[in-house]
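Enquirer: I am attaching a structure below and will ask some questions about it afterwards.
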Amino acid sequence: MEQSAKKSLENLLHVQKELLASAQKKRQALIQNQVEQLAQLTGTESSLISKSRLLEKALAEALNGKTLSEMAIQDEECRVLQTQLTEVVQQLKAENEQNQKLLMDSIAFVQGTLQFMQPKGDATTYTKDAVATGKTKAVFDSKA
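This is the structure:
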């Protein structure tokens, strides 16, 4: 395997490991409701994704039209790196799916809380029509 392809693959593996670590930190931030840290991690992930795309392009150029699988057949070191990269990407995918589930659960909780807090039925206490017709409900007993 060419040195430039090997170096690109090693760098890509390193970036994917950083993305995995960031996703794990993101899960903790979601669980602990740390919004500022979550925003910071999202920015970090964005830059890592951009870096990953550049490394993927560099790897494709370094492979000279061959696929990574073809190179892995010819080179043991490439096969090891490819296996490690595949494992990290699968872990990253699982972590991102877990984070997405946490976000969806959080959104459902907020929506449920908002629905619970909204008045039901004929909420005539402070509406314009209720004042005009004199059908207001008192919240407190004024005679007490």
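Going from the sequence shown to the working numbering is simple: count from 1 and add 36.
We put the CB at the ideal spot given by N, CA and C, even for glycine.
1) Determine the burial state of Lys156: buried for a count of at least 16 other Cβ atoms within 10 Å of its Cβ, exposed for fewer.
2) Taking Cβ to Cβ, would you say Leu128 is nearer than 8 angstroms to Leu55?
3) Rounded to whole angstroms, what is the Cα-Cα separation between Glu97 and Gln147?
4) Measuring alpha carbon to alpha carbon, tell me which of Gly79, Ala130, Asn69 ends up nearest Ile143.
5) Can you tell me whether Met153 is buried or exposed, with buried defined as 16 or more other CB within 10 angstroms of its CB?
6) For Gln151, is the classification buried or exposed, using 16 other Cβ atoms within 10 angstroms of its Cβ as the cut-off for buried?
7) Put Gly101 into one of helix, strand or coil per three-state DSSP.
8) Keeping to the same chain, check which residues put their C-beta closer than 8 angstroms to that of Thr149; ignore five residues upstream and five downstream.
9) Just to confirm the assignment, what range does the alpha helix (DSSP H) spanning Glu54 have?
10) Between Glu42 and the rest of its own chain, which residues show a CB-CB distance below 6 angstroms, the 5 nearest in sequence each way excluded?
Expert: The structure says:
1) Against the sequence shown, residue 156 aligns to sequence position 120. Looking at its Cβ environment, which holds fewer than 16 other Cβ atoms inside 10 Å, Lys156 is exposed.
2) As a position in the sequence shown, residue 128 is number 92, starting the count at 1. As a position in the sequence shown, residue 55 is number 19, starting the count at 1. In this structure, Leu55 lies closer than 8 angstroms to Leu128 by Cβ.
3) The count along the sequence shown starts at 1 and reaches residue 97 at position 61. The count along the sequence shown starts at 1 and reaches residue 147 at position 111. Each residue's Cα considered, the two are about 48 angstroms apart.
4) Residue 143 sits at position 107 when you count from the first residue of the sequence shown. The shortest C-alpha separation from Ile143 is found at Asn69.
5) Within the sequence shown, residue 153 is the residue found at index 117, counting from 1. With fewer than 16 Cβ atoms within 10 Å of its Cβ, Met153 is classed as exposed.
6) Stepping through the sequence shown from its first residue, residue 151 is reached at position 115. Gln151 is exposed by the Cβ-count criterion.
7) As a working mapping, residue 101 is identified with position 65 in the sequence shown. Looking at Gly101 - three-state DSSP - the assignment turns out to be coil, as it is neither helix nor strand.
8) Residue 149 sits at position 113 when you count from the first residue of the sequence shown. So no residue of the chain qualifies.
9) What you label residue 54 is simply residue 18 of the sequence shown in a count that begins at 1. Per DSSP, Glu54 belongs to the alpha helix (DSSP H) from 39 to 67.
10) On the sequence shown, residue 42 is found 6 positions in, with the first residue counted as 1. The residue you asked about is not Glu; residue 42 is Lys in the sequence shown. Within the same chain, Lys42 has no close Cβ partners at all.
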